[in-house]
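Visitor:
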Amino acid sequence: MPPMITLALVLQFVGPCSPQPLLSVDLRTTETTVGDATISVLDDRGIAHQGTRQGLNSVFGTPVGREAIEIIGPQEMRSYGWCYEVDGVSPEFFPHEYPLTPVNKSVRWYFAYAHYLNGEWVRQCAPAHEIRPAFLCE
60 MPPMITLALV LQFVGPCSPQ PLLSVDLRTT ETTVGDATIS VLDDRGIAHQ
110 GTRQGLNSVF GTPVGREAIE IIGPQEMRSY GWCYEVDGVS PEFFPHEYPL
160 TPVNKSVRWY FAYAHYLNGE WVRQCAPAHE IRPAFLCE
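In the working numbering, each residue carries its 1-based index in the sequence shown increased by 59.
Here is the structure:
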């Protein structure tokens with residue numbers, strides 16, 4: 060068995076209304092994936108959440124299901140949920156599939172939306188705080 064490596068990185072959660080993190084943790088961990096490190100941080104701090112190492116549905120009371128859909132018009136909507144990035148890049152992997160390495164410096168979870176317009180998904184994982192959705196922020 061290879062020796063355990065302790066990783067040092069910052070793990071943050073950014074909500075729907077502000078770019079300022081709701082939580083920022085300087086993390087030293089032996090967890091090997093984004094998903095495992097994320098669940099470990101939430102569990103260790105007693106932060107209520109819905110989800111698993113495979114992905115987050117809700118944290119900090121964010122809506123899920125129909126409550127997370129904003130109908131803008133007959134051909135337009137936004138669907139909200141949590142996305143993550145590692146060192147500023149959004150990987151195309153589920154969190155439990157993305158390995159952390161000693162070169163990683165940050166994991167940032169952010170509440171985001173997918174934008175549907177005229178029969179097409181035109182944007183994915185767009186940070187919600189950039190538009191401050193009224194149904195969440197006012």
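Ideal Cβ placement from N, Cα and C applies to all residues, glycine included.
#1: Does the distance from the CB of residue 122 to the CB of residue 143 come in under 8 Å?
#2: Given a cut-off of 8 Å on the beta-carbon distance, is the pair residue 145 and residue 166 in contact?
#3: In terms of DSSP beta bridges, what is residue 157 paired with?
#4: Using a Cβ-Cβ cutoff of less than 7 Å, which residues in the same chain neighbour residue 161 once the five nearest sequence positions on both sides are dropped?
#5: In chain order, what residues of the same chain have a beta carbon less than 8 Å from the beta carbon of residue 99, not counting five sequence neighbours either side?
#6: Closest to residue 156 by C-alpha separation, out of 96, 174, 134, 190, would be which residue?
#7: Should residue 75 and residue 188 be called a contact, given that it needs their Cβ atoms to be closer than 8 Å?
#8: I need the straight-line Cα distance from residue 73 to residue 186, nearest angstrom please.
#9: Specify, as a first and last residue, the run of the beta strand (DSSP E) that residue 97 falls within.
#10: For residue 119, tell me which candidate among 135, 134, 130, 168 has the shortest Cα-Cα distance.
#11: With DSSP as the reference, label residue 120 as helix, strand or coil.
#12: So, at 8 Å on beta carbons, what are the nonlocal neighbours of residue 79 in its own chain, with the 5 sequence-adjacent residues on each side left out?
#13: Are there 16 or more other CB atoms within 10 angstroms of the CB of residue 129, so buried, or fewer, so exposed?
Guide: Taking the definition as stated:
#1: no
#2: yes
#3: DSSP, once it has assigned bridges, lists no residue as partnering residue 157.
#4: 64, 66
#5: 88, 90
#6: 96
#7: yes
#8: 9 Å
#9: That residue, residue 97, is in no beta strand (DSSP E); its alpha helix (DSSP H) goes 93-103.
#10: 168
#11: coil
#12: 73
#13: buried
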